[in-house]
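Colleague:
Numbering (our numbering), first residue to last: 3 to 267.
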């Protein structure tokens, strides 16, 4: 069984292994590379590259430091999404790197992220903190009392520390590291599932992986007025290796008028 090594300090291997093991891979962890040097959610270290670049760097370093052919790197980003300003969004990318062929394939997933920050003031109490945080089961927290960042706090540890220090200013933020954030864990696992789909989707011409839909053509005609809508008309799968492409049209021949900007402006 070929091995894939993931560079992580945050216990991500159990999150990605279930998607990759059915393909015949054994996933294991290396902590020889300090992934925090690429950026930290607590902003002690800023990330100065894209999420894709960070994930690729982690995967490459995993291979270099262990001598394995296959490496994994994972990176998350918060903000943006389909409803910026209205809903926080977690976007996860996971990179599969093949050292022998110098080839990288990326899996993606995104979703809403509910836990939010809480400002501390003279009005804050242990009860108000409990009310705000306890709805997010198993989410851990960071207490910034303006002097020290106290990380990885369960709700019980957070309340105990707040009661001990009773700061008049500061912030309480969700700890976004993977082992402390259940909502993020779900999205990382979905990104691994997308990666597995790409690894198992091979080109009919050259048999290389990642033969998946990469281009979407909109314009499916409205069922009432026949004008083009924003609904998908076709997708195009493209091989990164040989360039072979295949167009697959939507099985639906017309779009629901609900999505028509002319019939339902």
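Note that CB positions come from ideal geometry on N, CA and C, so glycine has one too.
Which same chain residues end up closer than 6 Å to residue 71 when comparing Cβ atoms and leaving out the 5 residues on each side of it in sequence?
Modeller: Counting only Cβ-Cβ distances below 6 Å, and skipping sequence neighbours, we find 101 and 102.
Colleague: Out of curiosity, what's the CA-to-CA distance linking residue 82 and residue 64?
Modeller: Distance between the alpha carbons of residue 82 and residue 64 is about 29 Å.
Colleague: Can residue 257 and residue 225 be called in contact, C-beta distance under 8 Å?
Modeller: Yes, the Cβ-Cβ distance between residue 257 and residue 225 is below 8 Å.
Colleague: Assign residue 121 to one of three DSSP states: helix, strand, or coil.
Modeller: DSSP places residue 121 in strand when its eight states are reduced to three.
Colleague: Once DSSP output is grouped into helix, strand and coil, what is the label at residue 236?
Modeller: Reduced to three states, the DSSP call for residue 236 is strand.
Colleague: Please state the DSSP three-state secondary structure of residue 65.
Modeller: Residue state, collapsed to three classes: helix.
Colleague: For residue 5, list the residues DSSP reports as bridge partners.
Modeller: Residue 5 pairs with 28.
Colleague: Pick helix, strand or coil for residue 138, following the three-state DSSP scheme.
Modeller: The answer is coil: DSSP assigns residue 138 none of H, G, I, E or B.
Colleague: For residue 264, count neighbouring C-beta atoms within 10 Å of its own C-beta (all shown protein chains included) and say buried if the count is 16 or more, exposed if not.
Modeller: Exposed is the call here.
Colleague: Out of 55, 51, 117 and 32, which one is the CA nearest neighbour of residue 106?
Modeller: Ranking the options by Cα distance to residue 106, first place goes to 55.
Colleague: Is it buried or exposed for residue 13, if we count other Cβ within 10 angstroms and need 16 for buried?
Modeller: Exposed.
Colleague: From which residue to which residue does the alpha helix (DSSP H) around residue 196 run?
Modeller: Counting along the chain, the alpha helix (DSSP H) containing residue 196 begins and ends at 184 to 202.
Colleague: Could you check the C-alpha separation between residue 1 and residue 214 for me, to the nearest Å?
Modeller: In the structure as shown, the chain starts at 3 and stops at 267, and residue 1 therefore has no counterpart that could be examined.
Colleague: Please name the residue, chosen from 86, 68, 66 and 91, that lies closest to residue 78 on a Cα-to-Cα basis.
Modeller: If we check each option's Cα against that of residue 78, 91 comes out closest.
Colleague: For residue 177, count neighbouring C-beta atoms within 10 Å of its own C-beta (all shown protein chains included) and say buried if the count is 16 or more, exposed if not.
Modeller: The residue is buried, with at least 16 neighbouring Cβ atoms inside 10 Å.
Colleague: Residue 119 and residue 173 - do their beta-carbons sit closer together than 8 Å?
Modeller: Yes.
Colleague: Do residue 204 and residue 211 have their beta-carbon atoms positioned less than 8 Å apart in this structure?
Modeller: In contact: residue 211 and residue 204 (Cβ atoms closer than 8 Å).
Colleague: Would you report the Cα separation of residue 191 and residue 17, rounded to the nearest angstrom?
Modeller: Those two C-alpha atoms are separated by around 5 Å.
Colleague: According to DSSP, is residue 18 part of a helix, a strand, or is it coil?
Modeller: If DSSP states are grouped into helix, strand and coil, residue 18 belongs with the helices.
Colleague: Using three-state DSSP, classify residue 60 as helix, strand or coil.
Modeller: Residue state, collapsed to three classes: helix.
Colleague: Spatial neighbours of residue 234 within its chain, please: C-beta separation below 8 Å, excluding the five flanking residues on both sides.
Modeller: Cβ neighbours of residue 234 beyond the five flanking positions: 218, 219, 220, 222 and 252.
Colleague: In whole angstroms, give me the CA-to-CA distance for residue 31 and residue 43.
Modeller: Approximately 21 Å, taken between the alpha carbons.
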